[in-house]
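Protein chains in written order, with this note's numbering: chain G, 2 to 495; chain L, 2 to 101.
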């Protein structure tokens, strides 16, 4: 399937998805204080509308939207491109950011202006732009800049409160991220040196299995694995995600790591489609399997709720990598390749909603209980009934209980692994599901237990935000036909 | 010939930087190693600009443009890392990542 690089109808929408947050960020920074919060709300609302419009345009045209910046054609110009998975990820990102903004209104809007408030709202706007830049980029160097933007947004989010522990977590995160980006940049240099182009679509036509291409992809993948925190490069993730303020943890765990995974998919499926059939794909799958087992086992042992959720992120990221060895072969093999592809993307989206809901719920629980030790959460179920329900529904999606989005994701991956005769991945997925059941049950059993001294009943406003996110994760499983066809649009096969 | 020399220098810098990033425990040394590693990568961009030059031009301008962007990004990253490290040292009196 060849694709022409020229402007398509609706391509202009892609520009707005990048320009709106960039303009909003400058405006918020200048306006300061509570005005920054209002700008953030406006940007998040516009981005939600834009991402839905882009998804609609991709769906209607049945092909990727392309916009050539300034009318210059690659290799000199830079193309923006939105296919089905970009559109789906953009909608998920916009919904999660909107929910997080509503939730954070209480935490980051003190009457007297604090630096953390302004920083948080500016970073939220910047995150919206950086995520979209990753999803829309079709130029490897442009994607490098987007990756760095994400790093510069994510690291300050970790240490918003300025405590020594979070500063350490942020610095460790930054060092891992810098190694990752410089390896990625080295790969970009090799690609330019060997092929004199950086546009993914152009490069795909020029690469014919030369050693330079393999070396470049290996370097870039290694860098991205360090940034995604795939086992065994995960050391920075649990402290960084668990010690950040809840609203920040939610976006870091639900969105930021997904963007890095998204780039790995671009490299392995859009740039060099034959790569996923080789031994490298099995290696990534094996690391994913290791992440599922190791992350789940550590999640079971955690005493603190936010650390448990952070380790569960490690495990759930593992499922994403299982799609790489499974989504090979012709793109229209319904129960093999296409099923695994849809399953992996559903996992990314359903986990995004569920994990945001769980981190926000954990934040509310910590506010009511004054701590987040799982053993001391008795009575929370009565004080925060709606948030506990949201946490439980998000947990069910991680477990893969029908009819959640997580169920659909894991079922599609399981079917693909059996159908392709790679049954060992199925075994790992089933063990991981059982372990997820263990750690989710542990939290629920404690929160639903009766406490000796009843806790005060908390206001419900923010609890409904948690529930809404969990319901999004659940609803994915109920409307599979539309989204799964959308995810196949613009997909490239070997 | 000179392009080959620069290429080898770039490769050596990448190797030294990567080694430093992995084995040096102190964060400041890691930040310096990151800059050496980055310097090696930027040198490679320069080499590719030289090699890809069309007949009448002294060099291909695209890698040079990329290089300048990369420099800005790596400068910002270094500034952020140093700021974090200074803040950590001010809060705890130590600038270390290990918890002993």
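No residue lacks a Cβ here, since even glycine has one placed at the ideal position from N, Cα and C.
Can you tell me which residues form a DSSP beta bridge with residue i?
i              : result
residue 67(G)  : 82(G)
residue 462(G) : Per DSSP, none; premise fails for residue 462(G).
residue 52(L)  : For residue 52(L), which the question treats as bridged, DSSP gives no partner whatsoever.
residue 512(G) : Past the boundaries of the shown model lies residue 512(G); chain G is included only from 2 to 495, so the question cannot be answered.
residue 374(G) : 305(G)
Within 10 Å of its beta-carbon, does residue i have 16 or more other beta-carbons around it, so buried, or fewer, so exposed?
i              : result
residue 397(G) : buried
residue 101(L) : With a pLDDT of 41 at residue 101(L), under the threshold of 50, the modelled position of that residue is not reliable, and no figure is offered here.
residue 259(G) : buried
residue 77(G)  : exposed
residue 2(G)   : Summary for residue 2(G): the model assigns pLDDT 43, below 50, so the residue's position carries little reliability; its value from the coordinates is reported in the next sentence. The residue is exposed, with fewer than 16 neighbouring Cβ atoms inside 10 Å.
residue 7(G)   : exposed
residue 40(G)  : buried
residue 78(L)  : buried
residue 189(G) : buried
residue 426(G) : buried
residue 27(G)  : exposed
residue 381(G) : buried
residue 340(G) : buried
residue 371(G) : exposed
Which of the three DSSP states is assigned to residue i in this structure?
i              : result
residue 200(G) : strand
residue 101(L) : Residue placement at residue 101(L) is poorly supported in this model, since its pLDDT is 41, which falls under 50; the coordinates are not used for a value here.
residue 443(G) : helix
residue 498(G) : The structure shown does not extend to residue 498(G), since chain G spans only 2 to 495, so no value can be given for it.
residue 283(G) : helix
residue 2(G)   : Reliability fails at residue 2(G), whose pLDDT of 43 lies under 50, so the model's placement of it is uncertain and the value that follows must be treated cautiously. Note: residue 2(G) maps to coil in three-state DSSP.
residue 74(G)  : coil
residue 504(G) : Residue coverage of chain G in this structure runs from 2 to 495, which leaves residue 504(G) outside it and unanswerable.
residue 231(G) : coil
residue 242(G) : helix
residue 386(G) : helix
residue 492(G) : coil
residue 109(G) : coil
residue 402(G) : coil
residue 237(G) : coil
residue 62(L)  : helix
residue 149(G) : helix
residue 8(G)   : coil
residue 352(G) : helix
residue 88(L)  : helix
residue 25(L)  : coil
residue 573(G) : Outside the shown range of chain G, which is 2 to 495, sits residue 573(G), and nothing can be said about it.
residue 42(L)  : helix
residue 427(G) : helix
residue 162(G) : coil
residue 310(G) : helix
residue 129(G) : helix
residue 451(G) : coil
residue 340(G) : helix
residue 35(G)  : helix
Less than 7 Å separating the Cβ of residue i from some heavy atom of the ligand SAM?
i              : result
residue 454(G) : As presented, the structure is devoid of all ligands, the ligand SAM included, so that no description of it is given.
Below 6 Å CB to CB, which residues in the same chain sit around residue i once its five sequence neighbours on both sides are set aside?
i              : result
residue 75(L)  : 39
residue 255(G) : 97, 353, 356, 357
residue 407(G) : 351, 398, 399, 401
residue 224(G) : 181, 184, 185
residue 326(G) : 282, 283, 286
residue 251(G) : 101, 357, 360, 361
residue 11(G)  : 58, 66
residue 486(G) : none
residue 229(G) : 258, 261, 262
residue 53(L)  : 61
residue 1(G)   : Any question about residue 1(G) goes unanswered here, given that chain G covers just 2 to 495.
Kindly list the residues whose CB is nearer than 8 Å to the CB of residue i, restricted to its own chain and excluding five residues on each side of it in sequence; keep chain order.
i              : result
residue 463(G) : 103, 104, 107, 361, 365, 388
residue 111(G) : 118
residue 253(G) : 155, 158, 159, 241, 242, 245
residue 36(L)  : 18, 75, 79
residue 227(G) : 177, 178, 180, 181, 184, 234
residue 503(G) : Absent from the model: residue 503(G). The displayed extent of chain G is 2 to 495, so no value can be given.
Less than 7 Å between C-beta atoms, sequence neighbours within five positions excluded: which residues of the same chain meet that for residue i?
i              : result
residue 367(G) : 373
residue 488(G) : 85, 86, 89, 342, 343, 346
Check distances from the C-beta atoms of the stretch 75-95 of chain L to those of chain G and list, in chain order, the residues that come in under 9 Å. 75, 77, 78, 79, 81, 82, 85, 86, 88, 89, 92, 93
Residues of the stretch 27-48 of chain L with Cβ closer than 9 Å to any Cβ of chain G, in chain order: 28, 31, 32, 35, 38, 39, 41, 42, 43, 45, 46, 48
Residues, ordered as in the chain, of the stretch 173-186 of chain G that lie near chain L by beta-carbon distance below 9 Å: 173, 175, 176, 178, 179, 180, 182, 183, 184, 186
What residues from the stretch 184-203 of chain G come within 7 Å of chain L, judged by C-beta to C-beta, listed N to C? 186, 187, 190, 193, 194, 197
Contact residues within the stretch 134-145 of chain G, judged by C-beta distance below 7 Å to chain L: 142
For the stretch 148-159 of chain G, enumerate the residues whose C-beta is nearer than 7 Å to any C-beta of chain L, in chain order. 149, 153, 156
Tell me which residues of the stretch 98-115 of chain G have at least one Cβ-Cβ distance to chain L shorter than 9 Å, keeping chain order. none
With 9 Å as the C-beta to C-beta threshold (strictly closer), list the residues of the stretch 226-242 of chain G near chain L in chain order. none
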